[in-house]
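For the sequence shown, the working numbering begins at 959 and goes up steadily by one. Note that the Cβ used here is the ideal one computed from N, Cα and C, for glycine as well.
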Amino acid sequence: MTELDLARRYFSLKMNDRERAIFETGIALSTILHLLHGMPIPRSRSAVRRLERAMEEVAKTQPFRRRVRVKIYPRARGGVYGYDVARGENVYASVEVRYGSSSVIGELRWIRRLGYPLMYIKEIKNHGK
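In structure tokens:
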């Protein structure tokens, strides 16, 4: 796979497949959060599911993405102006990236205790060369 990576030459020669997979995972999670942030959330559950699937497909278009899962948890609001927007508190994402001999699973989720939408590495696998 990395033979097809024309961008590899721009990265440090000291960077290994594992480090690049971690880097790409961070890019993917950031993309999801920042594309969604502030977007009005549809009121119907089926429309929310379509938005989640669309975001998954958008994230999968980036190189080296294997699996992407996005969940949006809107708060119910009443009235004609009562809609929720996507923000760190109500978005969850999981991304699996495979680069060369390494794969990484990263997650984005709201950590109440931190008061912050944390992006973190959940798992790292080495597949050998």
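query	result
Considering only their Cβ atoms, is the gap separating ALA986 from VAL1049 smaller than 8 Å?	no
Is the CB-CB distance between VAL1026 and ALA1017 below 8 Å?	yes
Use the C-beta contact count for GLU982: other C-beta atoms within 10 angstroms, 16 or more gives buried, fewer gives exposed.	buried
Compare the Cα-Cα distances from VAL1055 to each of LEU1076, ASN1084, ARG1001, LEU994 and report the closest residue.	ASN1084
Which residue or residues does DSSP assign as beta-bridge partners of ALA1051?	VAL1028, LEU1066
So, for ARG1024: in the same chain, excluding its five sequence neighbours on each side, which residues have a beta-carbon less than 8 Å away from its beta-carbon?	GLU1054, VAL1055, ARG1056, SER1061
What residue does the beta strand (DSSP E) around LYS1080 start on, and which one ends it?	1074-1084
Alpha carbon to alpha carbon, what distance is there between TYR1041 and TYR968?	44 Å
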